[in-house]
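Only one structure is covered here, and it is reproduced in the block below.
There are 2 protein chains.
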Amino acid sequence: MVSTRIEQIRSAEERVADENAALLRAMGIVAVHLLASPGAGKTSLIVRTVGSLAGRLRPAVIQGALSSQPGPAPLDLPDLPAVRVDTGGRPYLDASMVGAALEQLPLADIDLLLIEEIGTLTSPASQSLGENLRVVIASLPEGEEGPLCYPEPFTHANAVVLNKLDLLPHLEFNRSRFHEAVRRLNPRAPIFELSCRTGEGLEQWERWLSEQVLLPRD
Amino acid sequence: MVSTRIEQIRSAEERVADENAALLRAMGIVAVHLLASPGAGKTSLIVRTVGSLAGRLRPAVIQGALSSQPGPAPLDLPDLPAVRVDTGGRPYLDASMVGAALEQLPLADIDLLLIEEIGTLTSPASQSLGENLRVVIASLPEGEEGPLCYPEPFTHANAVVLNKLDLLPHLEFNRSRFHEAVRRLNPRAPIFELSCRTGEGLEQWERWLSEQVLLPRD
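Protein sequence lines, in the order shown, are assigned to chains A and B. Positions in the first sequence are counted from 1; adding 224 to them yields this note's numbering. Positions in the second sequence are counted from 1; adding 224 to them yields this note's numbering.
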């Protein structure tokens, strides 16, 4: 009984995800779902990326938060359409939340939508929000074995960002072991090593992201 | 219907938590539930703590893992009773898993049980496993606002550890803002600033932990 009901809820969510995907496609928007641990640098990467791409692309942000209280101020950048979604303690966004947020955004003026997930690597990353791409952000202080401890988001990622590269001299972090760990889970996703603090490596990430937006899609 | 069934499951879990608590009390064991983000240093803190306390206390470990594959090797220290619990992808331990792990430990030879949770700050930290104490481990690279973004584990913590203090010269981390953030959520829990890498600050944490084990309990 319970599982039937849960199946029904899940398939309803899948329908909403399909609707989100159809709406995004119709409006010519590429949506990128960003997953990471707390403090890995999701918001920093968004701020950096939006700042760099603003002249070439028209970005917007949906930002998940566990609760509107007592968290820090929502993302507030001039000219950036942004909607904060309060999940009410739920540890991840769902398609309905994203669908409701889409209604609050000026979709005709957007071509790149960055969706900032709640900070966790344990949510069901395989569940669709209607996004086009999934990107997982790891950071050096989390260690090179992180992907093997929390494999799901890495397995399903279209790209992997390794942030906080500026801390490399101060940590025992083995980059090739990190690459090997990611490759065990995901043979193809590009890996972007960068530092949101210094700006190192951001260009390659932004070039890849721009290409995803400008790629012809069916 | 669904909510009734979920209530039943929850109250069954609460009964198991009570049984775990009764068993631990009968055996004179103090159980400490360790919560943290991925890579904050749960395993490092356990290795350090067990190494220092081994002469004075008899520790044991229950280590949660999302899956036995393809994660790194389980904790394997000489003379340390340790059980690894594979949650099968579930993002947190529950009382039944801990109860099953207790059956595999030599309870008569233990007085301190460290329970390493799956690395996430979004699990329901208020749900009991039968433990005596909850400790949340934050780390400097996660930023000083982390507690406000992921409040629940900090609100319910009996102590807060701030790890990776050795990175302080290399980060813009404001310690007093971190303390203020914790204090907004939790007015009393002691905060231990330390570095598992250098050993700085570990003594105070270990003294507090020893006192919790040696305190008379009813």
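All C-beta atoms in this analysis are idealised placements derived from N, C-alpha and C, irrespective of residue type, glycine included. What you are looking at is a predicted structure, and each value in this text was computed from that prediction instead of being measured.
Item: Since Thr346(A) and Leu290(B) are thought to touch, with beta carbons under 8 Å apart, how far apart are those beta carbons, to the nearest angstrom?; Value: 7 Å
Item: Sorted by chain position, which residues of the same chain lie with C-beta nearer than 7 Å to Leu389(B)'s C-beta, five sequence neighbours on each side aside?; Value: Leu364, Glu417, Leu418, Ser419, Glu424, Gly425
Item: Can you list the residues of chain B that Leu455(A) reaches, using a CB-CB cut of under 9 Å?; Value: The displayed coordinates of chain A run from 225 to 442. Any statement about residue 455(A) would go beyond what the structure contains.
Item: Which of helix, strand or coil does DSSP assign to Glu417(A)?; Value: strand
Item: Quick one: residues in its chain with C-beta nearer than 7 Å to the C-beta of Gln428(A), no 5 flanking neighbours on either side, listed in chain order?; Value: Phe416
Item: Along chain A, in chain order, which residues have C-beta atoms closer than 9 Å to that of Gly370(B)?; Value: Pro262, Gly263, Gly343
Item: Take Leu409(B) as the anchor and find which of Ile342(B), Asn382(B), Ala306(B) has the nearest alpha-carbon.; Value: Asn382(B)
Item: Thinking C-beta only, is Ile286(A) closer than 7 Å to Ala325(A)?; Value: yes
Item: Report all residues from its chain with a CB closer than 6 Å to the CB of Ala245(B); omit the five preceding and five following residues, and keep chain order.; Value: Gly354
Item: Going by DSSP in three states, Asn387(A) sits in which element: helix, strand or coil?; Value: strand
Item: How far does the alpha helix (DSSP H) with Pro358(B) in it extend, from its first residue to its last?; Value: One point to set straight first is that residue 358(B) is Arg, not Pro, in the sequence displayed. Run containing Arg358(B): none in the alpha helix (DSSP H); it sits in the beta strand (DSSP E), 357-363.
Item: Is the CB of Pro315(A) under 7 Å away from at least one CB in chain B?; Value: yes
Item: Taking C-beta to C-beta, are Glu341(A) and Gly288(A) nearer than 7 Å?; Value: yes
Item: Could you compute how far the alpha carbon of Arg401(B) sits from the alpha carbon of Leu338(B)?; Value: 29 Å
Item: Given Gly370(B), which residues of its chain have a CB within under 6 Å of its CB, disregarding the five upstream and five downstream residues?; Value: Ala362
Item: Determine, for Thr422(A), whether the minimum Cβ-Cβ distance to residues of chain B falls below 7 Å.; Value: no
Item: Less than 7 Å between the beta carbons of Arg412(B) and His380(B), yes or no?; Value: no
Item: Are the beta-carbon atoms belonging to Leu317(A) and Val274(A) less than 7 Å from one another?; Value: no
Item: Tell me the start and end of each unbroken beta strand (DSSP E) in the segment 243-284 of chain A that is at least 3 residues and wholly inside, in chain order.; Value: 254-260
Item: For Thr346(B), go through chain A and note every residue whose CB falls closer than 9 Å to its CB, in chain order.; Value: Pro262, Leu290, Gly313, Arg314, Pro315, Tyr316, Ile342, Gly343, Thr344, Thr346, Ser347
Item: Is it true that the CB of Glu435(B) sits closer than 7 Å to the CB of Asn398(B)?; Value: no
Item: Mind pulling the beta strand (DSSP E) runs of 3 or more residues that sit fully within the segment 288-348 of chain B?; Value: 306-310, 336-340
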